[in-house]
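Here the structure comes first, spelled out in structure tokens, and everything after it is commentary.
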Amino acid sequence: MAKRKIRLGIVCLTRNTFDFKAAEEIYRGIVKKLEAREDISLAAFADPVMEIPQAIEAGEFLRREGAEAVAVVSGTFHLGGLVLEIKKRCDKPLLLWGLPELPYNGGKIRLNSVCGVNLNASNLFKSGYRDFAYKVSSDIDEDWLDAVRMISALREGRIGVLGSRAHGFYNVGVDELALYRKYGCSVEFCELSEAYSFDADEKSVAEYRERTDRLFDGSGVTEVQKDKVAVLCARLKAFMQARGFSALAVRCWPEFAAGFGIAPCASMSLLQDDGFVLACEGDVDCALTMLCHKAAGADVPFMADISQVDDAAGTALMWHCGVAPRSLCAADCTATLDTYFAGGRGVTAGFVMKCGRVEIARLDSVNGKYRLYTETGTAVPMEKQLTGTYAKVKFDRPAKEVLDRVIYGGIAHHVSMVYGDYGKAFETFARLTDTEIL
């Protein structure tokens, strides 16, 4: 999946007591490389900055250009006030970018770039700013970029909640204004019927019906139920697009099946493969985490429960009732449509998920305060023995320790699960947003 495109500002700081000409040449090469990337829209301040008036001009330029974050390259050591003037005028997350030292020339340090990074970090920290990360490299910090993508996705995010949270799931409730204050994300509540009664064109319905028949063994459900899966796909898609929702958190039980005729699980499975973010049981915080994963380029996040722990085998079953994206089905597993709950009106996806490296994560709120939980592991082979969508995961720490962290940390019982490892990006996200890491 493509990473979220961001508007990146960049500026280079230098001083004429060091090899500023070499630094300028390096900077122009960096700019050229970044301009060629499709996942970045670059706002580059053209000339290296040495004096305060230039820093003021650079800050104003970056603000006008709509930079979502700024990479401050310490081309050489430089004046300490430059970054402060830039930050004052363009108050966005910063990357303090140090360059590797060049070969010495006549016994002199040519750049002293790392010391410039140290100076900037100390000045920012002691001024009360914490929303920066640093790297010393010839290349930009990709984890920082992905963290900025996550921040951007939440700041521009609009989460639609269909109905409310699931009955009794107090632990997935959110403080909407605290969420807005922290990350800029807005929440809008809608009636279930607004979505499942929304107008959708027949072509879209026909396309989803064809995909339903092609991708699933539907012998366990009726033709009417398969028709309803396709209709609901088309209506939810049209509803999300019309309302401009970045994600949808659905109260998928107990009323949904009674009102529409089937539960939304299988439809949500298909829609997630189209790039839509949908969370079960009205869980807004899980939807936020899924948005972050998607922004960083993770392929089709899946909402899961830690359902079982096998201490002897060191594995945990990551399961949910049947909503994982169909594309995650293991190659040797037949994906089915099943009706094991809601009085035969469940219509859920059923398959074992593919093997590979996985990450689970959750942005989890407690009385409006957010913290971040992540784990990494490997999905290992297992037979299809259950309804629903699931994977057996061997985590990188003992399964009992994973469960201890979740239980004693009070983490809600849903996580966003993806294939890949976005832990470093999430750590940087937490640093930039002052989010507690568990």
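In our numbering, each residue carries its 1-based index in the sequence shown increased by 524.
We put the beta carbon where it would ideally sit given N, CA and C, even for glycine.
Between the alpha carbons of Arg682 and Ser770 lies a distance of about 5 Å. For Met574, no beta strand (DSSP E) encloses it, and the DSSP letter there is neither H nor E. Trp668 carries a helical assignment under DSSP once its states are collapsed to helix, strand and coil.
Setting aside the 5 residues that flank it on each side, Cys816 is surrounded in the same chain by Met674, each with a C-beta closer than 6 Å to its C-beta; the list follows chain order. Only exposed fits His691, as fewer than 16 other CB atoms lie within 10 angstroms of its CB. Ala803 and Ala570 have their alpha carbons spaced roughly 44 Å apart. Take Leu608, set aside five residues on each side of it, and the residues of its chain with a beta-carbon closer than 7 Å to its own are Asn647 and Ser651, in chain order. Shown here for Thr538: same chain residues with a beta carbon closer than 8 Å to its own, the five before and five after excluded, namely Phe544, Ala547, Glu548, Pro572, Val573, Met574, Gly599, Thr600 and His602 in chain order.
In summary, Ile931 is exposed, with fewer than 16 beta-carbon neighbours lying within 10 Å of its beta-carbon over all protein chains present. Contact annotation: Ala873 and Ala848 have beta-carbon atoms nearer than 8 Å. Taking the Cβ atoms as the reference, Phe656 lies roughly 17 Å from Leu623, outside the contact range of under 8 Å.
The three-state reading of DSSP puts Gln909 in coil, since its state is none of H, G, I, E or B. DSSP places Lys893 in the uninterrupted beta strand (DSSP E) bounded by Lys893 to Val904. Scanning its chain for C-beta atoms nearer than 6 Å, with the 5 sequence neighbours on each side dropped, one finds around Phe919 the residues Glu899, Gly901 and Val926, in chain order. The criterion of a C-beta distance shorter than 8 Å is satisfied by Met814 and Ser940. Taking a 10 Å sphere around the C-beta of Asp888, we find 16 or more other C-beta atoms and assign the residue as buried.
Within its own chain, the residues whose Cβ lies closer than 6 Å to the Cβ of Asp699, once the five positions on either side in sequence are excluded, are Gly892, listed in chain order. Excluding its 5 nearest sequence neighbours in each direction, Arg689 has C-beta neighbours in its own chain below 6 Å: Val696, Gly697 and Gly806, listed in chain order. The shortest CA-to-CA distance from Phe740 to any of Gly846, Glu779 and Leu686 is the one to Gly846. A distance of 8 Å or more separates the beta carbons of Lys612 and Val594. Just so you know, the alpha carbons of Thr863 and Leu716 end up roughly 21 Å apart. For Gly744, the CB contacts under 8 Å within the same chain, skipping 5 residues up- and downstream, are Thr860, Leu861, Asp862 and Thr863 in chain order. In this chain, the alpha helix (DSSP H) harbouring Ser728 covers Glu726 to Leu739. When rounded, the separation of the alpha-carbon atoms in Ile830 and Tyr658 is 35 Å.
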